[in-house]
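Visitor: Numbering (the numbering used here), first residue to last: 14 to 100. Shown below is the structure under consideration.
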C-alpha cells in the first residue's frame, strides 16, 4: 500500500514537470508520461518533487533517455522550433 501511494505521488510530481518540458503542440501528457516516467525516476529521481529541476535534469540527460522518451523529446523540440502560422 505504501509503495503504491509513493508511486502515485511520484507520478503526480513527474508528469507536470515533463509536460512543462514539452511544447503544447508536442506529444500529449499521457504519451509523455508513458514514454518518460521510467527515465525521469531513473535519471532524475533525486530531484523529486522539484518540477523545474526534473525538467532541467531530463533535458541535460537527453543522450541517456530511452528511445521512446528521446522520440518524445525530439518531437517536442521540433514542435517548439516550427514557427506558428499567423491566423
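Beta carbons: idealized from backbone N, C-alpha and C, even for Gly. All figures in this text were calculated on a predicted structure; none of them were measured in a lab.
1) Keeping to the same chain, check which residues put their C-beta closer than 6 Å to that of residue 74; ignore five residues upstream and five downstream.
2) Decide if residue 72 is buried, meaning its Cβ has at least 16 other Cβ atoms within 10 Å, or exposed.
3) Does the Cβ of residue 40 have 16 or more other Cβ atoms within 10 Å, making it buried, or fewer, making it exposed?
4) Output yes or no for whether 9 Å exceeds the beta carbon distance between residue 84 and residue 53.
5) Taking only the alpha-carbon atoms, compute the straight-line gap between residue 44 and residue 59 and give it to the nearest angstrom.
Guide: Based on what the coordinates show:
1) In the chain shown, the residue the question calls residue 74 occupies position 61. Cβ neighbours of residue 74 beyond the five flanking positions: 56.
2) If you number the chain shown from 1, residue 72 lands on position 59. In the assembly as shown, residue 72 is an exposed residue. Its beta-carbon has fewer than 16 other beta-carbons within 10 Å.
3) Locating residue 40 in the chain shown gives position 27, counting from the first residue. The residue in question, residue 40, is buried, as its Cβ has 16 or more Cβ neighbours within 10 Å.
4) By 1-based counting over the chain shown, the position of residue 84 is 71. By 1-based counting over the chain shown, the position of residue 53 is 40. Cβ distance not < 9 Å, so residue 84 and residue 53 don't count as in contact.
5) As a position in the chain shown, residue 44 is number 31, starting the count at 1. As a position in the chain shown, residue 59 is number 46, starting the count at 1. Take the alpha-carbon of residue 44 and the one of residue 59: they are about 23 Å apart.
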